[in-house]
Amino acid sequence: MSFQRSLAYRVEYFTAILNAFLYIFIFVSVWQALIPEEGLANGITRESMTAYAVLSTLIKASFGRSDRLLSQKVKTGEIATDLMKPYYFPIMLLSDTIGSTLFQLFSRVVPLLIFCIFLFQIQLPVDVWLLLKFLPIYFLSFSVFFLLSFLIDTLSFYFVEIFPFYFFYFSLVTLASGAVIPLDFFPVNLAKLLTYTPFPYLFYFPTMLLLEKPGLPDYSSLLLQYFIWITVAIAASSLLYRVGLKKLTIAGG
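Right, dumping it as structure tokens:
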């Protein structure tokens, strides 16, 4: 369904590709201006920072989004019809988001990655074992991203408008996930504090794993942290969703 919906709007498709490229171009240009050609910034070379800007942006661009879909259905009352259908609504939402992510990966991210490799002459890992380690981390990062968005979406059962919550959430994602600035450039204590939040697990750790940067937690510890955050997010969102459904039923009589 999400594939058909994405293919139906060709102008939006090309606009999204252009938008992602401009985002990459701007950040690469900024980092190349800040870091001398043979210099280092917090132990990171210009070439590594260019690769980081490209990869973190592409990981972010690859994640499909179905946020606010639940909110829209609650507002219009369409949620009542969905609840009568023979499927669990959050699973349907997850399936739709996975479909959107697959579309983003193959139709947008892969072409952009190939283009950026030639344009910015970035060196990407060709180690098969590293790529095999990256794939589970990518899937877990997507899971955390989806669950956090769904958690915010469940607030639509309790509030008329949840835009302020999404604005605050995506502001935190922008600042604390490593999507724009790697945690290496933050003060040490702040960077350490952020590792106790789910945000660096969205883009920072997957990108640093691909670039084989030192200082990362060992692989098993990293996997454990992902599973902890996924468990917490599932528990919190499930609780809010179930209580919200009861509240919706009571309100509807």
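For the record, in the sequence shown the residue sitting at position 57 is 56 according to numbering that gives the first Met the number 0, with numbers rising by one throughout. Positions of the beta carbon are idealized from the N, C-alpha and C atoms, including for glycine. Owing to the predicted nature of the structure, the values given are computational and were not obtained by experimental measurement.
- Ile136 sits close to Leu221, with the two beta carbons spaced by under 8 Å.
- Every alpha helix (DSSP H) of 4 residues or more that sits fully in the region 61-115 is shown, in chain order, as 68-75, 77-82, 88-103.
- Distances from the CA of Val231 to each of Phe204, Leu150, Leu192 were compared; the closest alpha carbon is that of Leu150.
- DSSP, reduced to helix, strand and coil, places Thr44 within a strand of the structure shown.
- If you draw a straight line from the Cα of Arg241 to the Cα of Ser99, it comes to about 26 Å.
- With distances taken between CA atoms, Gln122 lies nearest to Leu210 out of Leu223, Phe26, Leu210.
- Per DSSP, the beta bridge partners of Leu39 are Thr44.
- Here the alpha carbons of Gly177 and Ile161 stand approximately 25 Å from one another.
- Cβ-Cβ separation between Asn41 and Phe184: approximately 6 Å, consistent with a contact (criterion under 8 Å).
- Selection Tyr225, Leu147, Phe169 evaluated against Leu239 yields Leu147 as nearest (Cα-Cα).
- Non-local beta-carbon contacts of Val53 in its own chain, meaning distances under 8 Å to residues more than five positions away in sequence, involve Ile23, Val27, Leu112, Cys115, Phe119, Ile121 in chain order.
- Contact check for Leu193 against Pro186 fails: the beta carbons are separated by 8 Å or more.
- When the Cα atoms are used, Arg45 and Pro213 turn out to be separated by approximately 16 Å.
- Residue state for Gln224 is assigned as helix, using DSSP reduced to three classes.
- With contacts defined as CB atoms closer than 8 Å, Leu69 and Thr153 qualify as a contacting pair.
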